[in-house]
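Residue numbers (our numbering): 1 to 226.
Laid out in C-alpha coordinates, this is it:
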(Lines of atoms letter the chains of each structure in order from A and count residues from 1; the text may use other names and numbers.)
(Lines give C-alpha, C1' and ligand atoms only; values in the text may rest on other atoms or scores of the structure.)
Protein backbone atom coordinates (compact mmCIF):
# COMPACT_ATOMS: atom_id res chain seq x y z
CA UNK A 1 0.00 0.00 0.00
CA UNK A 2 1.24 3.53 -0.73
CA UNK A 3 2.10 5.92 2.07
CA UNK A 4 -0.34 8.62 3.18
CA UNK A 5 1.87 11.28 1.64
CA UNK A 6 1.94 9.52 -1.72
CA UNK A 7 -1.81 8.92 -1.64
CA UNK A 8 -2.49 12.57 -0.81
CA UNK A 9 -0.22 14.02 -3.49
CA UNK A 10 -1.32 11.66 -6.26
CA UNK A 11 -4.97 12.23 -5.31
CA UNK A 12 -4.39 15.99 -5.69
CA UNK A 13 -2.78 15.40 -9.09
CA UNK A 14 -5.69 13.11 -10.03
CA UNK A 15 -8.18 15.89 -9.27
CA UNK A 16 -6.28 18.38 -11.46
CA UNK A 17 -6.18 15.82 -14.29
CA UNK A 18 -9.93 15.18 -14.00
CA UNK A 19 -10.59 18.94 -14.07
CA UNK A 20 -8.39 19.19 -17.18
CA UNK A 21 -10.34 16.37 -18.84
CA UNK A 22 -13.70 18.00 -18.01
CA UNK A 23 -12.59 21.42 -19.30
CA UNK A 24 -11.42 19.96 -22.63
CA UNK A 25 -14.91 18.45 -23.00
CA UNK A 26 -16.47 21.85 -22.23
CA UNK A 27 -14.21 23.58 -24.76
CA UNK A 28 -15.13 21.09 -27.48
CA UNK A 29 -18.85 21.15 -26.74
CA UNK A 30 -19.51 24.90 -26.42
CA UNK A 31 -19.86 27.50 -29.18
CA UNK A 32 -18.22 30.49 -27.53
CA UNK A 33 -14.73 30.29 -29.00
CA UNK A 34 -15.04 33.64 -30.73
CA UNK A 35 -17.44 36.49 -31.44
CA UNK A 36 -16.79 38.43 -34.66
CA UNK A 37 -18.28 41.56 -36.21
CA UNK A 38 -17.62 41.53 -39.95
CA UNK A 39 -18.36 44.87 -41.62
CA UNK A 40 -19.29 45.36 -45.27
CA UNK A 41 -20.15 48.46 -47.28
CA UNK A 42 -22.22 48.95 -50.40
CA UNK A 43 -23.93 51.78 -52.24
CA UNK A 44 -25.14 54.09 -49.46
CA UNK A 45 -25.42 51.14 -47.08
CA UNK A 46 -23.34 49.53 -44.39
CA UNK A 47 -23.83 46.03 -43.10
CA UNK A 48 -22.43 44.21 -40.06
CA UNK A 49 -22.62 40.45 -39.72
CA UNK A 50 -22.20 39.29 -36.12
CA UNK A 51 -21.09 35.72 -35.51
CA UNK A 52 -20.54 33.65 -32.40
CA UNK A 53 -19.22 30.16 -33.06
CA UNK A 54 -17.07 27.27 -31.97
CA UNK A 55 -15.46 24.31 -33.68
CA UNK A 56 -18.72 22.66 -34.75
CA UNK A 57 -21.34 25.38 -35.06
CA UNK A 58 -22.59 28.81 -34.10
CA UNK A 59 -25.06 31.61 -34.76
CA UNK A 60 -25.02 34.65 -37.03
CA UNK A 61 -27.18 37.75 -37.50
CA UNK A 62 -27.05 40.78 -39.75
CA UNK A 63 -27.47 44.50 -39.06
CA UNK A 64 -28.10 46.50 -42.21
CA UNK A 65 -28.77 50.26 -41.99
CA UNK A 66 -30.09 49.85 -38.45
CA UNK A 67 -32.36 46.93 -39.38
CA UNK A 68 -31.77 43.59 -37.64
CA UNK A 69 -32.16 40.48 -39.74
CA UNK A 70 -32.92 37.56 -37.38
CA UNK A 71 -30.01 35.23 -36.73
CA UNK A 72 -29.65 31.66 -37.81
CA UNK A 73 -27.74 28.64 -36.59
CA UNK A 74 -25.09 27.04 -38.77
CA UNK A 75 -22.78 24.04 -38.77
CA UNK A 76 -19.19 25.00 -39.54
CA UNK A 77 -18.46 21.82 -41.51
CA UNK A 78 -21.54 22.30 -43.71
CA UNK A 79 -21.19 26.05 -44.30
CA UNK A 80 -17.44 26.45 -44.73
CA UNK A 81 -16.17 26.12 -48.31
CA UNK A 82 -12.58 27.29 -47.80
CA UNK A 83 -10.57 24.06 -47.87
CA UNK A 84 -7.63 25.43 -45.90
CA UNK A 85 -9.79 26.88 -43.12
CA UNK A 86 -11.87 23.69 -42.97
CA UNK A 87 -8.76 21.51 -42.75
CA UNK A 88 -7.40 23.65 -39.90
CA UNK A 89 -10.67 23.34 -37.95
CA UNK A 90 -10.52 19.56 -38.42
CA UNK A 91 -6.89 19.52 -37.25
CA UNK A 92 -7.82 21.49 -34.10
CA UNK A 93 -10.60 19.01 -33.29
CA UNK A 94 -8.25 16.04 -33.75
CA UNK A 95 -5.57 17.69 -31.60
CA UNK A 96 -8.08 18.40 -28.81
CA UNK A 97 -9.30 14.79 -28.92
CA UNK A 98 -5.66 13.66 -28.55
CA UNK A 99 -5.34 16.06 -25.60
CA UNK A 100 -8.51 14.54 -24.15
CA UNK A 101 -7.02 11.03 -24.40
CA UNK A 102 -3.73 12.19 -22.86
CA UNK A 103 -5.64 13.79 -19.98
CA UNK A 104 -7.65 10.60 -19.47
CA UNK A 105 -4.48 8.49 -19.37
CA UNK A 106 -2.88 10.91 -16.94
CA UNK A 107 -5.96 10.62 -14.72
CA UNK A 108 -5.67 6.84 -14.84
CA UNK A 109 -1.97 6.90 -13.95
CA UNK A 110 -2.42 9.27 -11.01
CA UNK A 111 -5.39 7.26 -9.70
CA UNK A 112 -3.38 4.02 -9.95
CA UNK A 113 -0.49 5.54 -7.99
CA UNK A 114 -2.85 6.95 -5.36
CA UNK A 115 -4.09 3.46 -4.42
CA UNK A 116 -1.12 1.21 -5.24
CA UNK A 117 2.62 1.01 -5.94
CA UNK A 118 3.04 0.04 -9.62
CA UNK A 119 6.08 -2.12 -10.42
CA UNK A 120 6.56 -0.69 -13.91
CA UNK A 121 8.59 2.54 -13.91
CA UNK A 122 6.48 4.15 -16.66
CA UNK A 123 3.31 3.76 -14.60
CA UNK A 124 4.83 5.99 -11.90
CA UNK A 125 5.81 9.67 -12.01
CA UNK A 126 7.44 9.30 -15.45
CA UNK A 127 4.09 8.34 -16.98
CA UNK A 128 2.33 11.25 -15.28
CA UNK A 129 5.00 13.67 -16.56
CA UNK A 130 4.68 12.26 -20.08
CA UNK A 131 0.88 12.37 -20.44
CA UNK A 132 0.48 15.76 -18.76
CA UNK A 133 3.21 17.23 -20.95
CA UNK A 134 1.60 15.81 -24.11
CA UNK A 135 -1.81 17.14 -23.07
CA UNK A 136 -0.37 20.61 -22.46
CA UNK A 137 1.43 20.58 -25.81
CA UNK A 138 -1.73 19.54 -27.68
CA UNK A 139 -3.76 22.29 -26.03
CA UNK A 140 -1.09 24.90 -26.76
CA UNK A 141 -1.03 23.90 -30.43
CA UNK A 142 -4.83 24.24 -30.60
CA UNK A 143 -4.62 27.68 -28.98
CA UNK A 144 -2.16 28.78 -31.65
CA UNK A 145 -3.95 27.22 -34.65
CA UNK A 146 -7.36 28.75 -33.97
CA UNK A 147 -6.29 32.44 -34.11
CA UNK A 148 -4.13 31.62 -37.13
CA UNK A 149 -7.23 30.22 -38.82
CA UNK A 150 -9.30 33.28 -37.92
CA UNK A 151 -6.71 35.90 -38.88
CA UNK A 152 -4.72 34.12 -41.57
CA UNK A 153 -7.44 32.13 -43.35
CA UNK A 154 -10.23 34.66 -42.81
CA UNK A 155 -12.47 32.14 -41.03
CA UNK A 156 -15.03 34.66 -39.75
CA UNK A 157 -15.21 36.41 -43.12
CA UNK A 158 -15.80 33.10 -44.91
CA UNK A 159 -18.58 32.15 -42.49
CA UNK A 160 -20.21 35.60 -42.77
CA UNK A 161 -20.27 35.37 -46.57
CA UNK A 162 -21.76 31.88 -46.43
CA UNK A 163 -24.46 32.91 -43.94
CA UNK A 164 -25.39 36.11 -45.83
CA UNK A 165 -24.05 35.80 -49.41
CA UNK A 166 -25.35 39.12 -50.80
CA UNK A 167 -22.51 41.26 -49.43
CA UNK A 168 -20.29 43.73 -51.23
CA UNK A 169 -16.98 45.26 -50.09
CA UNK A 170 -15.43 43.93 -46.89
CA UNK A 171 -14.22 46.77 -44.68
CA UNK A 172 -12.90 45.20 -41.49
CA UNK A 173 -13.45 42.45 -38.94
CA UNK A 174 -13.31 42.69 -35.16
CA UNK A 175 -12.82 39.61 -33.01
CA UNK A 176 -13.23 38.82 -29.31
CA UNK A 177 -12.23 35.36 -28.11
CA UNK A 178 -14.72 33.75 -25.73
CA UNK A 179 -14.53 31.51 -22.68
CA UNK A 180 -14.48 28.30 -24.75
CA UNK A 181 -11.10 29.44 -26.10
CA UNK A 182 -9.61 30.85 -22.89
CA UNK A 183 -10.54 27.69 -20.98
CA UNK A 184 -7.61 26.07 -22.77
CA UNK A 185 -5.21 28.37 -20.93
CA UNK A 186 -6.61 27.07 -17.64
CA UNK A 187 -6.15 23.50 -18.90
CA UNK A 188 -2.45 24.17 -19.51
CA UNK A 189 -2.09 25.56 -15.97
CA UNK A 190 -3.80 22.45 -14.57
CA UNK A 191 -1.36 20.21 -16.44
CA UNK A 192 1.56 22.22 -15.08
CA UNK A 193 0.08 21.95 -11.58
CA UNK A 194 -0.12 18.15 -11.90
CA UNK A 195 3.51 17.96 -12.98
CA UNK A 196 4.62 20.22 -10.11
CA UNK A 197 2.71 18.15 -7.51
CA UNK A 198 4.28 14.89 -8.69
CA UNK A 199 7.71 16.52 -8.99
CA UNK A 200 7.60 17.57 -5.32
CA UNK A 201 6.62 14.04 -4.32
CA UNK A 202 9.32 12.48 -6.50
CA UNK A 203 11.98 14.91 -5.24
CA UNK A 204 11.05 14.30 -1.59
CA UNK A 205 11.17 10.54 -2.14
CA UNK A 206 14.60 10.79 -3.79
CA UNK A 207 15.95 12.98 -0.96
CA UNK A 208 14.66 10.53 1.66
CA UNK A 209 16.25 7.63 -0.20
CA UNK A 210 19.62 9.42 -0.31
CA UNK A 211 19.44 10.15 3.43
CA UNK A 212 18.80 6.48 4.13
CA UNK A 213 21.83 5.49 2.06
CA UNK A 214 24.24 7.83 3.90
CA UNK A 215 24.42 5.81 7.17
CA UNK A 216 25.32 2.72 5.13
CA UNK A 217 28.05 4.64 3.28
CA UNK A 218 29.41 6.06 6.54
CA UNK A 219 29.34 2.60 8.14
CA UNK A 220 31.34 1.18 5.22
CA UNK A 221 33.98 3.90 5.66
CA UNK A 222 34.24 3.15 9.41
CA UNK A 223 34.76 -0.54 8.70
CA UNK A 224 37.52 0.25 6.20
CA UNK A 225 39.24 2.58 8.69
CA UNK A 226 38.98 -0.06 11.40
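C-beta atoms are modelled at their ideal positions from N, C-alpha and C, and glycine is treated no differently.
Taking the alpha-carbon positions, what's the residue 150 to residue 37 distance?
Stepping through the chain shown from its first residue, residue 150 is reached at position 150. Stepping through the chain shown from its first residue, residue 37 is reached at position 37. Cα to Cα, the separation comes out at about 12 Å.
Here's the rule I'm using: 16 or more other beta-carbon atoms within 10 Å means buried, otherwise exposed. How should residue 27 be labelled?
Along the chain shown, read from residue 1 onward, the residue named residue 27 stands at position 27. By the 10 Å Cβ count, residue 27 comes out buried.
Please classify residue 144 as buried or exposed, where buried requires at least 16 neighbouring CB atoms within 10 angstroms.
Translated into the one-based positions of the chain shown, residue 144 becomes position 144. It counts as exposed.
Relative to the alpha-carbon of residue 46, which residue among 158, 53, 62, 56 has its alpha-carbon at the smallest distance?
Working through the chain shown from its first residue, we reach residue 46 at position 46. Among 158, 53, 62, 56, the Cα nearest to that of residue 46 belongs to 62.
Based on the DSSP output, what are the partners of residue 37 in its beta bridges?
For the purposes of this step, residue 37 is taken as residue 37 along the chain shown, with counting starting at 1. Note: residue 37 sits in a beta bridge opposite 50, 174.
Given a cut-off of 9 Å, decide if residue 198 and residue 247 are closer than it, judged by their beta-carbon atoms.
For residue 247 there is no data in the structure shown, the boundaries of the chain being 1 and 226.
Rank 5, 78, 55, 101 by C-alpha distance to the C-alpha of residue 136 and give the top, closest one.
Residue 136 sits at position 136 when you count from the first residue of the chain shown. Nearest C-alpha to residue 136: 101.
Give the DSSP-derived three-state secondary structure of residue 64 in the structure shown.
The residue given as residue 64 occupies position 64 in the chain shown. Residue 64 falls in the strand class under three-state DSSP.
Based on the DSSP secondary-structure assignment, which residues constitute the bridge partners of residue 74?
Along the chain shown, read from residue 1 onward, the residue named residue 74 stands at position 74. DSSP output for residue 74 lists 58 as bridge partner(s).
At a cut of 8 Å, does the segment 5 to 19 reach the segment 102 to 109 through at least three beta carbon pairs?
Touching, yes.
Roughly how many angstroms lie between the CA atoms of residue 162 and residue 118, to the nearest whole one?
In the chain shown, counting from the first residue as 1, residue 162 sits at position 162. In the chain shown, counting from the first residue as 1, residue 118 sits at position 118. Cα to Cα, residue 162 sits roughly 55 Å from residue 118.
When you compare the CB positions of residue 53 and residue 31, do they come within less than 9 Å of one another, or not?
For the purposes of this step, residue 53 is identified with residue 53 of the chain shown, where counting begins at 1. For the purposes of this step, residue 31 is identified with residue 31 of the chain shown, where counting begins at 1. Closer than 9 Å, so yes.
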